Structure formats: structure tokens, C-alpha cells
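For reference, each letter of the sequence shown is one residue, going 2 to 309 in full-length UniProt numbering. Here the structure comes first, spelled out in C-alpha cells, and everything after it is commentary.
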Amino acid sequence: TIRHFLDLSDAGTAAIAAMLADAKARKAARATLPKGAPDPDRPLEGRTLAMIFEKNSTRTRVSFDMAMRQLGGTTLILDAGTTQLGRGETVADTARVLSRMVDAIMIRTDDHAKIVEMARYATVPVINGLTDASHPCQIMADMQTVIERRGSLAGSKWAWFGDGNNVLHSIIEAGSLMGFEVVAACPEGYDPDPDVIGTATNRGGKVTLIRDAAEAVAGADIVVTDTWISMGQKHAEAKLAAMMPYQVTTGLMAGAKPNATFLHCLPAHRGEEVVDAVIDGPQSAIWDEAENRLHAQKSVLLWCFGEL
Ligand code: CP
Ligand code: NVA
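The structure is reproduced here in C-alpha cells:
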């Protein structure tokens, strides 16, 4: 069977643990190598990853490109606007054509149904580089970062502030797979998808929705937020106003555990979801988190290719 990585549950607990261990080992092993130099074992030599972007990206684009180079493979970057996909060729037909020419496909798109369709018709692995519903690659990097800071994931408490969006959905899924608790503090009308919470709790995950930010942060090991307006959403003053009580400030951080870590997938909107004193402060792990996109995705690629 083809190993698609559309969501974290496609891999499951054991494979995610193996990927995180591999990411840690590869990161340590190449600490003194130039970033463009391959890992000595070049496990993906001869393989090409095509990346389709229907939305902007800095981290996902650069980290997958460098990941393939470090693993000994190559990449093709396809801007949806300049391919036939942008002129109405179907996702299914695109999947069938690309599968004849490349070894794997990463896609960043709006509607999650498109990536499901891509996986259905592709005969090579398909990787989710963000949809409106989820962002599993990001949470692989977040988990690697938390392991670096705390030693383990199990038993930690992650508190989310702001919009109930794609990134939160993948955190909730991750918590239920890897044994950490998720508390989400979102304003009314901006809760995460109840189906995502339902799936997580059915799996034994601990997920709580709390309206009050101060209550939500109590006892948190991880404080995490994201933009209030995701790509493809309208910039609405009413939404920004509703989000304001969930801004991550030094006062909010003070309510978490003393050594709590701050995470943000980036790009940040400083002065909106987080203030400078927190994102640039001593508890912030955002640059390690961004770097870990590279290391974590190398392990995702290796898993997709059956090397893990
Ligand atoms: N965090 C993240 O996915 O960043 P990009 O949008 O820059 O890829
Ligand atoms: N929630 C954000 C994440 C960006 C990496 C978005 O979808 O735009």
C-alpha cells in the first residue's frame, strides 16, 4: 500500500515516534555539515518530490526542498497558477500524470477534499503541506521541538489561544496519538471542528474547550497560537476584536508553568495573536520550531518511501 501522509493518523503513534527519533538522530548527525550537503547515507538518491502550491509558503517550501537535497533526492516546485491545475485540469488527472513522472507529491491547498482526491488517484505518496483542515507537517516539527525542550511529549499540557484552525486541528490529533493534553481557548464562533475533537476523544485523547484564557493557561507546559486570519480568510475587524482577549501576552505566559515553552508555526502577526515580548522572549522556541520543519519532514519523507 502507498504511504500517504494526509494527516498524522495515517502514520499512527508508533510510526510518528519512529519519525521523531529519526529526525532527532539525523539533526544531531549533520550538525557540522553545510546545510546544502547531503546526509552521508543519501537514502532518497534518485527520488524526486513534486510540490504543488495553491497558497503562499516560505517554511514549507524551503524545508521540503532542503529536506530532499539532504536526503540525496531532488524537487520540482509547481506554482498552481502556472500549471494546468490553475486552468481547471482536475486534481485526479493531475495526480495520475504526476505519478508517472515523479516519486512523491506534496500539495498545499485550500479544500482538504482536494488532497484526499489527489491521494485517491496518485500511485505515489501524497503529503499534506497544509489544507484548510489540517497542517500535520507543522505539528511534527512542534513535537520535535517540545521533545528537545522537555524530553518527552507524554503527559504535557498544551494550551492553544485564538482561532480554532487547521494548526489546532493537527495539535488535537497529535495529542490523542502521542498522549498529551490539549486545552483550546477560542472565542465563541471560532471553535475547532467538533468532528476533530470527537475523533481525538474517541481515541482516548484529552481535549478541553475553555472560553476563559486565564483559566486555560493554568498549568500549561506549552503555550501555542497562530494567526487570527488564515490564508484564504477575509480580514474581518469583528473577528480580530473577538480574538483580542486571547492575545498571548507576558501576563498570560505568567499564568502557565514557570518554564513553559511558547510555540508559533509562523508567520506571526506581532501585536495581534502575540506580543513581541513573548515571541522574542526567553520562553519562545519559534526559531528551533521553524528549523525543525526541515528535520521532521525528512523523517516524514523517509516514512512515505518505506525507509522508516
Ligand atoms: N508554518 C508554515 O507552514 O509556514 P509557511 O506558510 O511559510 O510554509
Ligand atoms: N493557519 C495558518 C497557518 C499558516 C502556516 C494558515 O492556514 O494560513
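Idealized CB from N, CA, C, for every residue including glycine. This one's a predicted model, so the numbers in the text were calculated from it and none came from an experiment.
(message) Just to confirm before moving on: does the CB-CB distance between Ser-157 and Asp-222 stay below 8 Å?
(response) Mapped onto the sequence shown, residue 157 falls at position 156. Mapped onto the sequence shown, residue 222 falls at position 221. Result yes, Cβ atoms of Ser-157 and Asp-222 sit closer than 8 Å.
(message) Are the CB atoms of Asn-166 and Asp-8 within a distance shorter than 8 Å?
(response) By one-based count along the sequence shown, residue 8 stands at place 7. By one-based count along the sequence shown, residue 166 stands at place 165. Contact: no.
(message) Using C-beta distances below 8 Å, list every residue in its chain close to Asp-66, excluding the 5 sequence neighbours before and after it, in chain order.
(response) Residue mapping note: residue 66 aligns to position 65 of the sequence shown, counting from 1. Excluding residues within five positions, the ones whose Cβ falls inside 8 Å are Met-52, Thr-76 and Ile-78.
(message) Just to confirm before moving on: does the CB-CB distance between Asp-80 and Asp-112 stay below 8 Å?
(response) Translated into the one-based positions of the sequence shown, residue 80 becomes position 79. Translated into the one-based positions of the sequence shown, residue 112 becomes position 111. No, they are not a contact pair.
(request) May I ask whether a heavy atom of the ligand ATP can be found less than 7 Å away from the beta carbon of Pro-268? (result) The ligand content of the structure shown is limited to the ligand CP and the ligand NVA, which means the ligand ATP is not among them.
(message) Taking its Cβ as the centre, do 16 or more other Cβ atoms sit within 10 Å of Arg-294, making it buried, or is it exposed?
(response) Looking up residue 294 in the sequence shown gives position 293. Arg-294 is buried by the Cβ-count criterion.
(message) Nearest by alpha-carbon distance to Val-275: which of Lys-299, Leu-241 and Ser-300 is it?
(response) Here the question's residue 275 lines up with position 274 in the sequence shown. That would be Leu-241, whose Cα lies nearest to the Cα of Val-275.
(request) Compute the beta-carbon to beta-carbon distance between Met-244 and Pro-188, rounded to the nearest angstrom, for a pair I have assumed lies under 8 Å. (result) By one-based count along the sequence shown, residue 244 stands at place 243. By one-based count along the sequence shown, residue 188 stands at place 187. About 6 Å; that satisfies the 8 Å criterion.
(request) Output the residue ranges of the beta strand (DSSP E) runs that lie fully inside the region 143-204 and measure 3 residues or longer, sorted by chain position. (result) 158-162 and 182-186
(message) Between His-236, Gly-272, Phe-181 and Arg-204, which has its C-alpha nearest Thr-226's C-alpha?
(response) Position 225 of the sequence shown, counted from the start, is the residue given in the question as residue 226. Nearest C-alpha to Thr-226: Gly-272.
(request) Note down, one range per segment and in chain order, each alpha helix (DSSP H) of at least 4 residues found wholly within the region 91-124. (result) 92-102 and 113-122
(message) In the DSSP output, what is Phe-263 paired with across the bridge?
(response) Your numbering for residue 263 matches position 262 in the sequence shown. Paired residues: Val-224 and Ser-285.
(request) Taking only heavy atoms of the ligand CP into account, decide whether any of them is closer than 7 Å to the Cβ of Thr-202. (result) To locate residue 202, count along the sequence shown from 1; it is residue 201. Checking the Cβ of Thr-202 against the ligand CP gives no.
(message) So, with DSSP's three-state summary, where would you put Met-232?
(response) Against the sequence shown, residue 232 aligns to sequence position 231. Looking at Met-232 - three-state DSSP - the assignment turns out to be coil, as it is neither helix nor strand.
(message) Taking 8 Å as the threshold (C-beta atoms), are Met-69 and Val-301 in contact?
(response) As a first step, residue 301 must be located in the sequence shown, where it is residue number 300. As a first step, residue 69 must be located in the sequence shown, where it is residue number 68. Contact flag unset, no.
(message) What residue range does the alpha helix (DSSP H) around Ala-24 cover?
(response) Position 23 of the sequence shown, counted from the start, is the residue given in the question as residue 24. Its alpha helix (DSSP H) spans residues 9-30.
(request) Keeping to the same chain, check which residues put their C-beta closer than 7 Å to that of His-170; ignore five residues upstream and five downstream. (result) Translated into the one-based positions of the sequence shown, residue 170 becomes position 169. Excluding residues within five positions, the ones whose Cβ falls inside 7 Å are Ala-134, Ser-135, Pro-193, Asp-194 and Val-197.
(message) Taking only three categories from DSSP, how would you classify Asn-129?
(response) Counting from 1 along the sequence shown, the entry for residue 129 is found at position 128. Strand.
(message) If you reduce the DSSP assignment to three classes, tell me which class Arg-271 lands in.
(response) For the purposes of this step, residue 271 is identified with residue 270 of the sequence shown, where counting begins at 1. Three-state DSSP puts Arg-271 in a strand.
(message) In whole angstroms, give me the CA-to-CA distance for Thr-262 and Asp-143.
(response) Counting from one through the sequence shown, the residue named residue 262 turns up at place 261. Counting from one through the sequence shown, the residue named residue 143 turns up at place 142. Cα to Cα, Thr-262 sits roughly 11 Å from Asp-143.
(message) I need the boundaries of the beta strand (DSSP E) containing Ile-78, first residue and last residue.
(response) The sequence position of residue 78 within the sequence shown is 77, counting from 1. Residues 75-80.
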